[in-house]
Amino acid sequence: MSARPLPLSASPPSALAHLCRADPVLAAIIGRGRPIASAPHEDLYLALLRAIVSQQISTKAAAAIWRNVQALFPPDGYPEPAAVLSMTDEDLRTAGLSRQKAGYLRAIADFAQRDQLDHAHLSQLPEDEFTRHLTQIRGVGRWTAQMLQLFALDQPDVFAEGDLG
35 MSARPLPLSA
45 SPPSALAHLC
55 RADPVLAAII
65 GRGRPIASAP
75 HEDLYLALLR
85 AIVSQQISTK
95 AAAAIWRNVQ
105 ALFPPDGYPE
115 PAAVLSMTDE
125 DLRTAGLSRQ
135 KAGYLRAIAD
145 FAQRDQLDHA
155 HLSQLPEDEF
165 TRHLTQIRGV
175 GRWTAQMLQL
185 FALDQPDVFA
195 EGDLG
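Residues are numbered in my numbering as their position in the sequence shown, beginning at 1, plus a constant of 34.
#1: From residue 52 to residue 92, what does the alpha carbon distance come to, in whole angstroms?
#2: Using three-state DSSP, classify residue 121 as helix, strand or coil.
#3: Pair every Cβ in the stretch 106-118 with every Cβ in the stretch 140-148, then say whether three or more of these pairs are closer than 8 Å.
#4: Here's the rule: buried if 16 or more other CB atoms are within 10 angstroms of the residue's CB, otherwise exposed. What is residue 79?
#5: Would you identify the three-state DSSP class for residue 218, choosing helix, strand or coil?
#6: Looking at the secondary structure, which residues open and close the alpha helix (DSSP H) in which residue 162 lies?
#7: Is the separation between the beta-carbon of residue 141 and that of residue 126 shorter than 8 Å?
#8: Are residue 83 and residue 113 close, meaning C-beta to C-beta below 8 Å?
#9: On the CB-based measure, 16 or more other CB atoms within 10 Å of its CB, does residue 122 come out buried or exposed?
#10: Going by Cα to Cα distance, which pick from 134, 183, 63 and 174 is closest to residue 156?
#11: Between residue 86 and residue 94, what straight-line distance do the alpha-carbon atoms span, to the nearest angstrom?
#12: Determine the contact status of residue 76 and residue 186, defining contact as a CB-CB distance below 8 Å.
#13: Measuring straight from C-alpha to C-alpha, what distance separates residue 5 and residue 176?
#14: Of the choices 61, 159, 139 and 134, whose alpha-carbon is the least far from that of residue 81?
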């Protein structure tokens, strides 16, 4: 069966309806599943911090280090930009971060403190402008910017050409 492609801007309910019409096997699976609830937009600042923590290490190690990072910021574990900037690299390294990653987290915090991570504004930028904007931050490369567009901004039409996984 050949079906017309669904536009990338389609909502989850219309995407599911399209899949059900296009494929009876998928329709049966979707019918047995639970509804998809739209998640609130992710905090770009927090998503960037987590992306840096997770770079080039296992998921398990990243989760453990992230918990350690959160423990540095009582009571709720949220690393406010000013709090991150007040810490030395050595303070951040106690969470298990490398010196380089500690510096990257501080660079992200500085960018956020200067109001450069406005979700409403950044979500409207074309892919290349968004990538150019974020790669101004030390430690943030093209791939990280593209991953944020995909997952934190819910923009499914981004292609991360350097993704090996």
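All C-beta atoms in this analysis are idealised placements derived from N, C-alpha and C, irrespective of residue type, glycine included.
The short version:
#1: Here residue 52 corresponds to residue number 18 of the sequence shown, with the count starting at 1. Here residue 92 corresponds to residue number 58 of the sequence shown, with the count starting at 1. The straight-line gap separating the alpha-carbon atoms of residue 52 and residue 92 is approximately 36 Å.
#2: Counted from its first residue, the sequence shown places residue 121 at position 87. Residue state, collapsed to three classes: coil.
#3: Because the criterion of three Cβ pairs below 8 Å is met, the stretch 106-118 and the stretch 140-148 touch.
#4: As a first step, residue 79 must be located in the sequence shown, where it is residue number 45. Its Cβ being crowded by 16 or more others within 10 Å, residue 79 is buried.
#5: In this structure the chain extends from 35 to 199, so residue 218 is not present and cannot be described.
#6: Here residue 162 refers to the residue found at position 128 when the sequence shown is read from its first residue. It spans 161-168 - the alpha helix (DSSP H) in which residue 162 sits, taken as one unbroken run.
#7: As a first step, residue 141 must be located in the sequence shown, where it is residue number 107. As a first step, residue 126 must be located in the sequence shown, where it is residue number 92. Result no, Cβ atoms of residue 141 and residue 126 do not sit closer than 8 Å.
#8: Along the sequence shown, one-based indexing puts residue 83 at 49. Along the sequence shown, one-based indexing puts residue 113 at 79. Yes, these two residues count as a Cβ contact at 8 Å.
#9: Along the sequence shown, one-based indexing puts residue 122 at 88. Flag for residue 122 reads exposed.
#10: Here residue 156 refers to the residue found at position 122 when the sequence shown is read from its first residue. Per the Cα distances, 183.
#11: Counting from 1 along the sequence shown, the entry for residue 86 is found at position 52. Counting from 1 along the sequence shown, the entry for residue 94 is found at position 60. Each residue's Cα considered, the two are about 15 Å apart.
#12: Position 42 of the sequence shown, counted from the first residue, corresponds to residue 76. Position 152 of the sequence shown, counted from the first residue, corresponds to residue 186. Taking 8 Å as the Cβ cut-off, residue 76 and residue 186 qualify as a contacting pair.
#13: The shown model of the chain, from 35 to 199, leaves out residue 5, and the question about it has no answer.
#14: Looking up residue 81 in the sequence shown gives position 47. Out of 61, 159, 139 and 134, 139 has the C-alpha closest to the C-alpha of residue 81.
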